[in-house]
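**Q** Take this structure, written in C-alpha cells, and hold onto it; I'll ask about it next.
Numbering (the numbering used here), first residue to last: 76 to 277.
In C-alpha cells form, the structure reads like this:
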C-alpha cells in the first residue's frame, strides 16, 4: 500500500516537473522570439537611420560640390570679363599716347562746352599737360579764346571745367565715360563670351 502511494506521488511529481519544464521551455521560446523580433526591429531601425544619414550626407556633398563648381565657374568667367575690361582700359591709355588723341580731345572739348550751361566767364578749362597748346588753339578756333587753360596730370585722358574757387568741376574724360558704362560693358562681355548675364559677378 505504501509502495503504491509512493509510486503515485512520484508519478505526480514527475508529471508536474514535466509540465513545469514544458511551460518553461514554451516561455523561453516566446521570450527568445520576442527578443529576436526586437533585435531585428532595432537592427532594421539602425540600418534605416544609417541609410538615411548616408543619403543626407551624399546630398550634402553633392550640393557642396555643385556650389563649389558654380563658384569656380563664376570665378573663371569673372576673370575672363575682367581681362577684357582691363584690355579696354589699356587701349584707352594707348589712344591717349597716340597721335590720334588730338581728334579725340577735340570731340571731348566740343561735348563738354556744349553741355556747359554756366554763365561764369571765368571758368577754367583743365587739360592734359602735354596738350595745353592744342586745347588753347581749339578754343581760339571755336569762339572761346578768352578761356583760361591749365595743365593737369590728373586729367590725362580728357578735359574738365571748374570755377576759379574750385567749388565745382565738370569732367569729360575717356575713363570717366567708360566708367559710366562699365556695368553695361561687363554685361555685354558676359553675354558675348558666355551667353549669359553678370548676375553674381564681381
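Think of the CB as a built atom: it goes at the ideal place given N, C-alpha and C, for glycine as much as any other residue.
Could you tell me whether the stretch 217–236 touches the stretch 254–265, where touching means 3 or more Cβ pairs closer than 8 Å?
**A** no
**Q** My guess is that residue 233 and residue 246 are in contact by the Cβ rule of under 8 Å, so how many angstroms apart are they, rounded?
**A** As a position in the chain shown, residue 233 is number 158, starting the count at 1. As a position in the chain shown, residue 246 is number 171, starting the count at 1. Yes, residue 233 and residue 246 are in contact; Cβ-Cβ is about 7 Å, under 8 Å.
**Q** Please classify residue 111: does DSSP put it in a helix, a strand, or coil?
**A** If you number the chain shown from 1, residue 111 lands on position 36. DSSP places residue 111 in helix when its eight states are reduced to three.
**Q** What is the DSSP secondary structure of residue 230, counted as helix, strand or coil?
**A** Taking the first residue of the chain shown as 1, we reach residue 230 at position 155. Residue 230: coil per DSSP, three-state reduction.
**Q** DSSP three-state call for residue 197: helix, strand or coil?
**A** As a first step, residue 197 must be located in the chain shown, where it is residue number 122. Correct three-state label for residue 197: coil.
**Q** Do residue 222 and residue 198 have their C-beta atoms closer together than 8 Å?
**A** Taking the first residue of the chain shown as 1, we reach residue 222 at position 147. Taking the first residue of the chain shown as 1, we reach residue 198 at position 123. Taking 8 Å as the Cβ cut-off, residue 222 and residue 198 qualify as a contacting pair.
**Q** Can you give the Cα-Cα distance for residue 228 and residue 144, rounded to whole angstroms?
**A** Looking up residue 228 in the chain shown gives position 153. Looking up residue 144 in the chain shown gives position 69. Here the C-alpha atom of residue 228 lies approximately 45 Å from the C-alpha atom of residue 144.
**Q** Please classify residue 258 as buried or exposed, where buried requires at least 16 other C-beta atoms within 10 Å of its C-beta.
**A** Position 183 of the chain shown holds residue 258. Residue 258 should be labelled exposed.
**Q** Round the Cβ separation of residue 210 and residue 188 to the nearest angstrom and send it over; I've been treating them as touching at under 8 Å.
**A** By 1-based counting over the chain shown, the position of residue 210 is 135. By 1-based counting over the chain shown, the position of residue 188 is 113. The C-beta separation of residue 210 from residue 188 comes to about 11 Å, leaving the pair out of contact by the 8 Å criterion.
**Q** Excluding sequence positions up to five away, which residues of its chain have a Cβ less than 8 Å from the Cβ of residue 244?
**A** Taking the first residue of the chain shown as 1, we reach residue 244 at position 169. Excluding residues within five positions, the ones whose Cβ falls inside 8 Å are 201, 235, 236, 237.
**Q** At what residues does the alpha helix (DSSP H) containing residue 262 begin and finish?
**A** Your numbering for residue 262 matches position 187 in the chain shown. In this chain, the alpha helix (DSSP H) harbouring residue 262 covers 257–269.
**Q** Give the C-beta separation of residue 230 and residue 248 to the nearest angstrom, bearing in mind that I take them to be a contact with Cβ-Cβ under 8 Å.
**A** Position 155 of the chain shown, counted from the first residue, corresponds to residue 230. Position 173 of the chain shown, counted from the first residue, corresponds to residue 248. Yes, residue 230 and residue 248 are in contact; Cβ-Cβ is about 6 Å, under 8 Å.
**Q** With DSSP as the reference, label residue 217 as helix, strand or coil.
**A** As a working note, residue 217 is residue 142 in the chain shown. Residue 217 falls in the coil class under three-state DSSP.
**Q** Express the C-alpha separation of residue 240 and residue 186 in angstroms, rounding to a whole number.
**A** For the purposes of this step, residue 186 is identified with residue 111 of the chain shown, where counting begins at 1. For the purposes of this step, residue 240 is identified with residue 165 of the chain shown, where counting begins at 1. About 23 Å.
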